[in-house]
């Protein structure tokens with residue numbers, strides 16, 4: 049049985065359904081410059097954070113020769129383009145790939161992935177919060193952001209062309225959170 053097949057048992061019978069398998073990189077974990085010479089620029093490149101959209105496109109935050117950049121890489125890993133020059137420490141893309149959210153120089157940003165160098169500051173850098181991680185709930189259009197200094201998770205929603213802060217989470221169990229992810233209706 050292939051990995052794309054899903055078995056479901058209902059009332060003693062087995063039903064098999066087929067999920068489409070993307071035709072992108074077959075060597076997901078074996079990416080190197082010989083197999084994918086056009087994935088990222090050659091030279092001094094370091095990767096800091098990455099995210100994938102539902103189409104298999106990669107968004108990679110890193111540095112090229114010491115300059116912070118966000119790249120969009122095609123799902124076949126054969127081409128890339130610079131989306132914005134910014135020093136991101138964490139990113140997450142929307143599921144449709146239209147926006148990438150991230151922390152750069154302590155501030156929270158939304159980047160329009162289809163328009164190079166077009167971005168919006170959602171929240172300015174704030175040393176009392178020390179933003180460190182981002183997670184996006186595409187169903188409810190909520191951006192969650194960790195505040196390491198305040199041991200909190202902040203939440204923002206899009207309000208027209210701007211973003212508005214809404215109540216987040218503060219909990220004794222949160223101790224200097226540095227990363228966050230959203231999956232299946234839960235914040236981790």
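Numbering (our numbering), first residue to last: 49 to 236. Even glycine gets a Cβ: it sits at the ideal position worked out from N, Cα and C. Since this is a predicted model, take the numbers as computed values, not measurements.
Problem set entry | Alpha-carbon to alpha-carbon, residue 224 and residue 196 | 4 Å
Exercise. Going straight from the alpha carbon of residue 182 to that of residue 194, what length do you get?
Worked result: 7 Å
Exercise. Per DSSP, residue 110 forms a beta bridge with which residues?
Worked result: 95, 117
Exercise. DSSP state of residue 165, grouped into three classes?
Worked result: coil
For this session: Give the DSSP bridge partners of residue 313, in chain order.
Result: One cannot answer for residue 313 here, as it falls past the ends of the chain, which runs 49 to 236.
Exercise. Alpha carbon to alpha carbon, how far is residue 204 from residue 186?
Worked result: 12 Å
Exercise. Between which two residues does the beta strand (DSSP E) carrying residue 217 extend?
Worked result: 210-218
Problem set entry | Bridge partner(s) assigned by DSSP for residue 128 | 121
Exercise. Taking buried to mean at least 16 other C-beta atoms within 10 Å of its own C-beta, is residue 234 buried or exposed?
Worked result: exposed
For this session: Quick one: using the 10 Å Cβ neighbour count with 16 as the cut-off for buried, is residue 110 buried or exposed?
Result: buried
Exercise. Is residue 153 near residue 180, with beta carbons less than 8 Å apart?
Worked result: no
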